[in-house]
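Report on the following structure.
Residue numbers (the working numbering): 4 to 128.
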């Protein structure tokens, strides 16, 4: 595919990935919430190739303010930092995401929750 000016800053780019729920115009759904099962599959695939997730900082911030100084637009660019593994831990990952803007206290999990589900439910109460 044709590279845009941002693509040229990276070694590889993939398009049309559907990593998040996308924009939710005219909907009560939350925009750009991560697709948990897809992220776990991605983490598992990367781990299978010997890379361990080490950090996940978020870049961005306030993009625009109105005439009174109120924030009207923000941008976020989450990134994932991996290190080549010196030990092979596991190819299974568990992803947790807090989504409490519409339902306070909501925690979502994707991956091999198994026996952990009951323990998490008890710890969260």
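Ideal placement from N, C-alpha and C gives every residue a C-beta, glycine not left out.
> DSSP puts residue 76 in a beta bridge; with which residues?
Replying inline: Its beta-bridge partners are 67.
>> Going by DSSP in three states, residue 127 sits in which element: helix, strand or coil?
In response: Three-state result, residue 127: coil.
>> Suppose contacts are defined by Cβ-Cβ distances below 8 Å. Is residue 38 in contact with residue 16 by that definition?
In response: Cβ distance not < 8 Å, so residue 38 and residue 16 don't count as in contact.
>> Among the candidates 36, 84, 87, whose CA atom is the shortest distance from the CA of residue 112?
In response: Residue 112 has its Cα closest to that of 36, out of 36, 84, 87.
> Considering only C-alpha positions, which residue in the set 72, 60, 14, 9 is nearest to residue 83?
Replying inline: With distances taken between CA atoms, residue 83 lies nearest to 60 out of 72, 60, 14, 9.
> Straight-line CA distance for residue 87 to residue 57?
Replying inline: Straight-line spacing of the CA atoms in residue 87 and residue 57 works out to 10 Å.
> When we look at the beta-carbon of residue 46 and count the other beta-carbons within 10 Å, is it buried (16 or more) or exposed?
Replying inline: Around the beta carbon of residue 46, 16 or more other beta carbons lie within 10 angstroms, which makes this residue buried.
> Which residues share a DSSP beta bridge with residue 55?
Replying inline: Beta-bridge annotation (DSSP): residue 55 is paired with 86.
>> Given this structure, state the Cα-to-Cα distance separating residue 89 from residue 44, to the nearest angstrom.
In response: Between the alpha carbons of residue 89 and residue 44 lies a distance of about 21 Å.
>> Nearest by alpha-carbon distance to residue 41: which of 118, 127, 114, 29 is it?
In response: With distances taken between Cα atoms, residue 41 lies closest to 114.
>> Do residue 75 and residue 63 have their beta-carbon atoms positioned less than 8 Å apart in this structure?
In response: No, Cβ-Cβ distance for residue 63 and residue 75 is not below 8 Å.
> Going by DSSP, what residues sit across from residue 61 in a beta bridge?
Replying inline: Beta-bridge pairing links residue 61 to 81.
> Alpha carbon to alpha carbon, what distance is there between residue 116 and residue 96?
Replying inline: Approximately 9 Å, taken between the alpha carbons.
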